[in-house]
Amino acid sequence: MSTAEKETLGFQTEAKQLLQLMIHSMYSNKEIFLRELVSNASDAADKLRFEALKDDTLFEDDPNIRVRVTVDKDAGTLTIADNGIGMSRDEVINNLGTIARSGTAEFLKNLSGDSKKDSQLIGQFGVGFYSAFIVADKVEVFTRRAGAPADQGVHWTSTGESDFTVEDCQRDARGTEVVLHLRDDDKEFADDWRIRSIIKKYSDHISIPVEMQKPASPSNDEEDKQEEAAPEFEAVNSATALWTRPRTEVSDDEYKEFYKHISHDFSEPLTWSHNKVEGKLEYTSLLYLPATPPMDMWNRDAARGLKLYVQRTFIMDEAEQFLPLYLRFVKGVVDSNDLSLNVSREILQQDPAVDAMKSALTKRVLDMLSKLAKNDSEKYQTFWKAFGQVLKEGPAEDFSNKEKIAKLLRFATSVDDKAEQTHSLEDYVGRMKEGQTKIYYVVGENHKTAANSPHLEVFRKKGIEVLLLSDRVDDWLMNHLGEFDGKQLQDVGRGQLDLGELEDEEDKKAKEELAEEHKDLVERVTKALGERVEEVRVTSRLTSSPACLVVGEHDMGAQMRRILEAAGQALPESKPIFELNPEHPLVQKLDKEPDEDRFADLADILFNQAHLAEGAQLDNPADYVHKLNKLLLELSA
């Protein structure tokens, strides 16, 4: 088939579903479609200016970048046209023929049925163009890539149903023109003043002119009325890059709309910081903390970063060099006077000015978070729920800011055992008992496992608070954090339990006597379990459980082992330490058991129960069930 011929292509099945949802129920505020289309046009203009840094012939004798919006009340159409980069035929098929290529299925899975909440998801999936079908029953796109000949224009058409058509067309002007054929119920968007007000409301911050036709002036001259004059256009927006304006001249609503423009997120940001630096380095930054995470947040290789401008000229959409990976959720703009206009990713990685800016911007983000935590705990809790696990990557990646990051961390604790109720390390230190020198924590497969860990028993008895950790990164985090405020972080399930001054001499003496008294029991259990344990010993951790497992002082924790095992990595050999509570009736019964075979079965059951209490999988669950059933039958006989 010649590319000049007309092609009819089908949308993906998921794309069809998404279009139908958007058309019939998605938006509670229909006017947002115009913001999305104008924002796309602005992005196309930015891309042209960047590519033209290397090849100024792309301007094609038309250097004045703009977006033009026109209405035709009689025809019931609304047109958004830009003279930006434009698209080739292949780009049209790839960009407009497939909705949200990176996450349509995930998008559909997250729909709640609440149109207001669901509409906020759209920005996270890059489907803003398709918001046109909220108000239009037919959309046409005419486009030509800058630098391509006029006969390589492309015409795309769709009614938002099962398919779309693509054909070549003659197009003299570069850029893209989107024509919306408005539905009968949405003809309000063919009104000049209605569209002007929407542009002013949502797109005033865009740094290029968004133009509309000047209203006709009343005239008594019949000749003027009859003369067909070329329409005159005027800018509707202020067309000034928002970050270049003084903070005192920018309203909160303008900041919020600019965030939505650069992030394509429909929800409002939690907070932002607008700052101009002068001196050795000169740059302006506008940084935002989002309220909701993107779907690819856990993909550390996904595109991320700030929008980079140099002397107000767009350079890069996702400049990752200005913030560390653990702050990948931050959105914003950085505009520098100290970088070359032809800057590339490779040059950025070698520029000392970039390193200095990265250090300063990182501290600014951490200061934003500290301020939010101090002044608005509810908003900070929203941030923590969305991005806390990402921030936990910080202490391992950014040693110089480890202390600042540590103050921002939040954890559930044994004070209330509620997963949703979190506390700072500063809060914990402020509640420490007199004589307590360590910050204690327990790591579990999930929150319930951690909150019900047998390792907490002695701490509850003595009224000592313990951090309850269950996130996948927690064990790794604590190994890198090490201490806080001069106090060592201590895993209560690792090594010998040392309560320091919280344990009096009488307690220590009683512990030693108990160990000596039950030496024979320990030897028998050690023989019964054999190679499965590193050591068997009498515990000082338990008050109501019969036994528990302890990780060796220098061994890898169970949580880290599970993560590495799931990733297919080889694990170092490690055996647990098995601790017995000789004051528990089951252990006392075990101690009195004369039959060695029955003794071995009982020891094995206690050992496996301790595994289960840790949230671990048994190596041989069938054998455990068999021995447990055998014991139950004997007891019922």
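So the sequence shown is numbered by the UniProt record's numbering: it starts at 1 and just counts up by one.
Every residue gets a Cβ at the ideal spot worked out from N, C-alpha and C, and that includes glycine.
So ILE208 packs on ALA45, CB below 8 Å; how close in whole Å?
Right, their Cβ atoms sit about 5 Å apart.
On the criterion of 16 or more Cβ atoms from any shown chain inside 10 Å, does LEU481 qualify as buried, or is it exposed?
buried
Restricting to Cα atoms, I'd like to know which of ILE206, PHE189, VAL236, ASP204 is closest to MET212.
VAL236
Please state whether the Cβ-Cβ distance between TYR403 and ARG541 is less than 8 Å.
This sequence places Glu at residue 403; Tyr is not what is there. No, they are not a contact pair.
LEU270 and LYS379: beta carbons closer than 8 Å?
A contact, by the Cβ cut-off of 8 Å.
Taking 8 Å as the threshold, find out whether the region 281-296 comes into contact with the region 58-74 through three or more Cβ pairs.
no
Taking the continuous alpha helix (DSSP H) assigned at GLN609, which residues delimit it?
596-613
Can you find a CB in chain C that lies within less than 8 Å of the CB of THR543?
In the structure shown, chain C cannot be found, because there is only a single protein chain.
Between HIS518 and PRO594, which are expected to be in contact by the criterion C-beta below 8 Å, what is the C-beta distance as a whole number of angstroms?
Actually they do not touch by this definition, with Cβ atoms about 17 Å apart.
Which runs of the alpha helix (DSSP H) fall wholly inside the region 347-418 and span at least 4 residues, in chain order?
352-375, 377-391, 394-397, 402-408
On the three-state DSSP scale, how would you describe ASN620?
coil
Given GLY147, which residues of its chain have a CB within under 6 Å of its CB, disregarding the five upstream and five downstream residues?
LEU58
Among LYS407, GLY500, PRO395, which residue has its Cα nearest to the Cα of THR437?
GLY500
For the putative contact between ASP474 and VAL443, defined by C-beta atoms under 8 Å, what is the C-beta separation to the nearest angstrom?
6 Å
Would you check if the distance between the CB atom of PRO572 and the CB atom of LEU549 is smaller than 8 Å?
no
What does DSSP give as the partner residue(s) for SER453 in the beta ladder?
For SER453, which the question treats as bridged, DSSP gives no partner whatsoever.
Thinking VAL492 and VAL466 are a contact (beta carbons under 8 Å), I'd like their distance in whole angstroms, please.
6 Å
Helix, strand or coil for ALA216, going by three-state DSSP, please let me know.
coil
Is the region 362-378 touching the region 404-424, taking contact as three or more C-beta pairs under 8 Å?
Yes, they touch.
Taking the straight line between their C-alpha atoms, what separation do you get for GLU254 and ASP191?
Take the alpha-carbon of GLU254 and the one of ASP191: they are about 24 Å apart.
Work out the CA separation of SER42 and CYS169 for me, nearest whole Å.
24 Å
Starting from PHE314, follow the beta strand (DSSP E) in both directions and report where the run begins and ends.
313-319
DSSP on VAL154, reduced to helix/strand/coil?
strand
Who are the near neighbours of ARG247 in its chain, counting only those whose CB is closer than 7 Å to its CB and skipping five residues on each side?
Closer than 7 Å at Cβ, skipping near neighbours: HIS274.
Determine the burial state of TRP384: buried for a count of at least 16 other Cβ atoms within 10 Å of its Cβ, exposed for fewer.
buried
Among LEU53, ASP427, PHE266, ASP186, which residue has its Cα nearest to the Cα of ARG35?
Looking only at LEU53, ASP427, PHE266, ASP186, the smallest Cα-Cα distance to ARG35 is reached by PHE266.
How many angstroms separate the CA atom of SER453 from the CA atom of LYS358?
42 Å
Would you mind reading off the limits of the alpha helix (DSSP H) that contains residue 638?
This structure leaves residue 638 out entirely; the chain is present only between 1 and 637.
Taking the beta strand (DSSP E) that VAL69 belongs to, which residues open and close that run?
67-72
Identify which residue in THR382, HIS264, LYS462, VAL141 has its Cα closest to the Cα of VAL415.
For the residues THR382, HIS264, LYS462, VAL141, the minimum Cα distance to VAL415 belongs to LYS462.
Closest by CA to PHE189, which one among THR77, ASN83, LYS200, TYR624?
THR77
How is the beta strand (DSSP E) around PHE578 delimited, first residue to last?
577-580
Taking the beta carbon of GLY175 as the centre, do at least 16 other beta carbons fall within 10 Å, making it buried, or is it exposed?
The residue is buried, with at least 16 neighbouring Cβ atoms inside 10 Å.
When you compare the region 506-525 with the region 553-561, are there three or more beta-carbon pairs, one atom per stretch, that lie closer than 8 Å?
Segments in contact, no.
Just tell me which of SER203, VAL536, GLY394, VAL587 has its CA closest to the CA of SER238.
SER203
According to DSSP, which residues form a beta bridge with LEU306?
ALA319.
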